[in-house]
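Trainee: Next up is a structure, given as structure tokens.
2 protein chains.
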Amino acid sequence: MKHLRTVTYVAEVARAGSIRRAAERLNLTPSALTRQIQDLEYELGTPIFERLPQGMRLNAAGELFARHIRDQVADLDRVRSQIADLSGVRRGHVSLACSQAFVTQVVPEEVEAYRARFPQVGFMVQVRDHAQAVTALAAFEADLALILQPPPSAELHPLFSGHQTLCALMRTGHPLASETGPVRLRDCLGHALALPDHSLAIRHHIEHALARRGVELRPVVESGSLEFLRNLVLREDLISLQIPSGIPQDPRLHSRPIDLRDLTPMTLVLAQLRGRSLSVAAAKFADQLVVRLNREAV
Amino acid sequence: MKHLRTVTYVAEVARAGSIRRAAERLNLTPSALTRQIQDLEYELGTPIFERLPQGMRLNAAGELFARHIRDQVADLDRVRSQIADLSGVRRGHVSLACSQAFVTQVVPEEVEAYRARFPQVGFMVQVRDHAQAVTALAAFEADLALILQPPPSAELHPLFSGHQTLCALMRTGHPLASETGPVRLRDCLGHALALPDHSLAIRHHIEHALARRGVELRPVVESGSLEFLRNLVLREDLISLQIPSGIPQDPRLHSRPIDLRDLTPMTLVLAQLRGRSLSVAAAKFADQLVVRLNREAV
DNA sequence: GCCCCCGTTGCCGAAGATGCAACGACACGC
DNA sequence: GCGTGTCGTTGCATCTTCGGCAACGGGGGC
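As you go down the protein sequences, you meet chains A and B in turn. With the UniProt record's numbering as the guide, the letters of the first sequence map in order to residues 1 to 298. With the UniProt record's numbering as the guide, the letters of the second sequence map in order to residues 1 to 298.
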């Protein structure tokens, strides 16, 4: 919006770290930018940037002002979304940061369902681990975060919280696939394992449980990609450990929950940034997602 | 601030109810205004005003947008205040809506004390009854409200809450002034009364108590001005009823609390609008006021 | 000492905002 | 029914503001 042009210049200079770089990103000349900044600093009665030989950096006053700008832009987005919603056609944009476990089933299905009702709403889905997800929320890069094992953070405002038990995942021909129902963890450890690597919360959760028993984990394959692990499981007699929400419907795959005596369920949370008010689109999508999660998680 | 110029036009048109009246207040021509409004509506993709024969009125979208503007302006004020506070000299502005009872002693003393520490801070003190005070807060015309008998309102966020017992106020020569300590209400009713009128919460409080006893109040003088009542009490053998915080130190005046069996204490509240963040100046003044009120009210 | 990147400034053209005058629409009073 | 006043709006001229261009001075790195 026009009236925010000047102030977004400030945000861009802060981000770029120098007037010249910011000018380039904004398709402006440095002179135009430096003037806008100076005018603004005059209006505020105080500089908001430190002039360093290698560029510009926000000072304390600038930090306050930059935060104000960010809030203002976000709030305007929210208002525009509310206004669009008044006219019946819901427009808007939803930005979601989620754990890898959810990109297989939950999120694509829900986005599809939502977009079937409101085709004018755009989506942006980023895969992030739990720490990155919080960062994305705080930087206003994501409206919502759907993550496993959320880190304790005052900035996180949960919209849904539930639990899911990890499942042993194998192909139908696997020895353990002859039975259904819970399986003991020690039975799994006797077979070849294909596990998520340490970039994923699932792995930490398993190791945390085994550490107390003094058992060491010796996976034959580990990967940061749950999809890769599943594809591997289809080809070999391997066992992977994944959460039910992330396991696709596939007759070639068999999954059995790990016995609750061996592994506590993982926490699954849908959250937004505390104190931020969501756009209509994001709020409604969150509502829908909560309904789904209530079906899937305990 | 420059970048808010356009949007404040909207606020002014909404307030004035017509482009022409708003233009006059803004020292602009109607043509300039109508264009700005049109541009903004184009940017938003929807009209925000209803065009009526007798002027302009905000529509639903406009209400949302106007609220956004109001919030932004208030937030910018807060940020500027915080920035000013960084430099050591506290600047800013505090706007207080208070009951008449407090303009005699409490508020002038506290304003003086505050301004002695921070001379750069300006004050605006409006006398409002409890209903008007809430309105003033909600319209962002006041940062703080210091009122008696606050109406139940979800918009009110109390920063302090206490009680004060009404006092019988008389001149030193009055028959009841020979004693100190609590006085029964029926003893007061036997003398000529000069009471606050129905525009003041004190009067309602008294009548509420008497109504349960079936006693009717027959004041010989009533007034909306507590100061007038005090001045009258100095000249005649009259009894007035006022709260201790509003009674000035004066050897010619004598006051005795009403017995607690006859009259419950009045509630005294310092409040802000819920969800609004105060400027540094207002927040610090509120802190100071709370300290004082803790000394005066139970 | 040289080079590169930095922010800044004077000057000029382009874009935007504003004022002036006039138009059409509607409400109100006679 | 018909002026009259007020309303928002529009075409055109004017003025302010914004941006681009080129050049300057300053500081870090080699």
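The beta-carbon is built from N, C-alpha and C at its ideal position, and this holds for glycine as well.
#1: Along the region 79–99 of chain B, what residues have a CB closer than 8 angstroms to any CB found in chain A?
#2: Assuming A136/B is part of the beta strand (DSSP E), what are its boundary residues?
#3: Determine the burial state of M170/A: buried for a count of at least 16 other Cβ atoms within 10 Å of its Cβ, exposed for fewer.
#4: Give me the DSSP bridge partner(s) of T267/A.
#5: Name the residue from H208/B, Q100/B and L156/B whose alpha carbon lies nearest to the alpha carbon of E227/B.
#6: Strictly under 8 angstroms for the Cβ-Cβ distance: is H3/A near chain B by that measure?
#7: Excluding five sequence neighbours on each side, which residues of the same chain lie with their C-beta closer than 8 angstroms to the C-beta of A23/A?
#8: Give me the DSSP bridge partner(s) of F123/B.
#9: Output yes if chain B places a C-beta closer than 8 angstroms to the C-beta of H68/A; else output no.
#10: Can a CB atom of chain A be found closer than 8 angstroms to the CB of V7/B?
#11: What is the rounded straight-line gap between the Cα of A192/A and the Cα of T267/A?
#12: Mind pulling the chain A residues with CB within less than 9 angstroms of D75/B?
#13: Going by beta carbon distance, what residues of the same chain come within less than 7 angstroms of L156/A, once the five residues before and after it are set aside?
#14: With C-beta atoms as the reference, is I200/A less than 8 angstroms away from V290/A?
#15: Per the contact definition of three or more C-beta pairs closer than 8 angstroms, is the region 63–74 of chain B in contact with the region 110–120 of chain B?
#16: CB P182/B to CB P251/B, shorter than 8 angstroms?
#17: Answer yes or no: does any C-beta atom of chain B fall closer than 8 angstroms to that of A154/A?
#18: For R230/A, which option in G214/A, V280/A and T172/A has the closest C-alpha, if you only look at C-alpha atoms?
#19: Is there at least one Cβ from chain B nearer than 8 angstroms to E43/A's Cβ?
#20: For a cutoff of 8 angstroms on Cβ pairs, would you count F49/B as touching chain A?
#21: Roughly how many angstroms lie between the CA atoms of S277/B and R78/B, to the nearest whole one?
#22: So, using beta-carbon positions, are C188/B and I247/B closer together than 8 angstroms?
#23: Would you give the residue range spanned by the alpha helix (DSSP H) that R292/A belongs to?
#24: Return the residue from the list E296/B, A282/B, V215/B and L217/B that minimises the CA-CA distance to I243/B.
Mentor: If we stick to the structure as given:
#1: V79, R80, Q82, I83, A84, L86 and S87
#2: Per DSSP, A136/B belongs to no beta strand (DSSP E); it is in the alpha helix (DSSP H), H130 to A138.
#3: buried
#4: H163/A
#5: Q100/B
#6: yes
#7: T29, P30, A32 and L33
#8: V94/B
#9: yes
#10: yes
#11: 26 angstroms
#12: H68, D71, Q72 and D75
#13: V134, P150, A271 and R274
#14: In the sequence on display, residue 200/A carries Leu and not Ile. Against a cut-off of 8 angstroms, the Cβ pair of V290/A and L200/A comes out as no contact.
#15: no
#16: no
#17: no
#18: T172/A
#19: yes
#20: no
#21: 7 angstroms
#22: no
#23: V280 to E296
#24: E296/B
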